[in-house]
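Working notes, structure below.
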Amino acid sequence: MEEHSVTNESEGDFTIQSKGSIAIKQASKYLKDNVKKVDGYINSGIDKLPVGSERKKTWKAAISVVGIANVMDHYVGIVSSVEEAMTNAIVDTTPIPKWAASGISKTVTFFLPI
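Structure (structure tokens):
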């Protein structure tokens, strides 16, 4: 994993962060700033999954964009991609299984401007 130094100019400190960590932080911020838009992406991802309409309805009700973004922040430095952080966050905060969370994450990350 490639690392980059980030300077905290007020204190002159250096922090080493990977590209993945930087991207996860940016994605989390984007999710929080664009809740309504991201809800649409998530619903689109759920609609494409091969499950019944009742399960889709339950999953849509269970997902919270802000909740996912907050949990993604905990994966900074642990995982190397936005998609992996988002998949883990969905699995951690909803009854959605990993295979489905991965499909939802792929749909959402396709639209992220990072």
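Positions in the sequence shown are counted from 1; adding 2 to them yields our numbering. Heads up, the beta-carbon is just placed ideally off N, CA and C, and yes, glycines get one too. Every value quoted in this text rests on a predicted model; they were computed, and no experiment measured them.
When the beta-carbon positions are compared, Ser-30 and Asn-90 stay at least 9 Å from each other. Taken through DSSP and simplified to helix, strand or coil, Ser-82 comes out as coil. Residue environment analysis places Ser-107 among the buried positions, since at least 16 neighbouring C-beta atoms fall within 10 angstroms of its C-beta. In the pairwise beta carbon analysis, the segment 85-100 is classified as touching the segment 47-67: at least three pairs are separated by under 8 Å. Here Glu-85 is buried: its Cβ has 16 or more other Cβ atoms, across all protein chains shown, within 10 Å.
Going by beta carbons, Leu-33 and Val-40 fall inside the 9 Å limit. Taking the Cα of Ile-48 as reference, the smallest distance to any Cα among Ala-87, Ile-92 and Pro-115 is reached at Ile-92.
Shown here, Tyr-77 sits in coil according to DSSP, grouped into three states, outside any helix or strand. The criterion of a C-beta distance shorter than 9 Å is satisfied by Thr-111 and Met-88. A straight line joining the alpha-carbon of Gly-69 with that of Val-78 spans about 15 Å.
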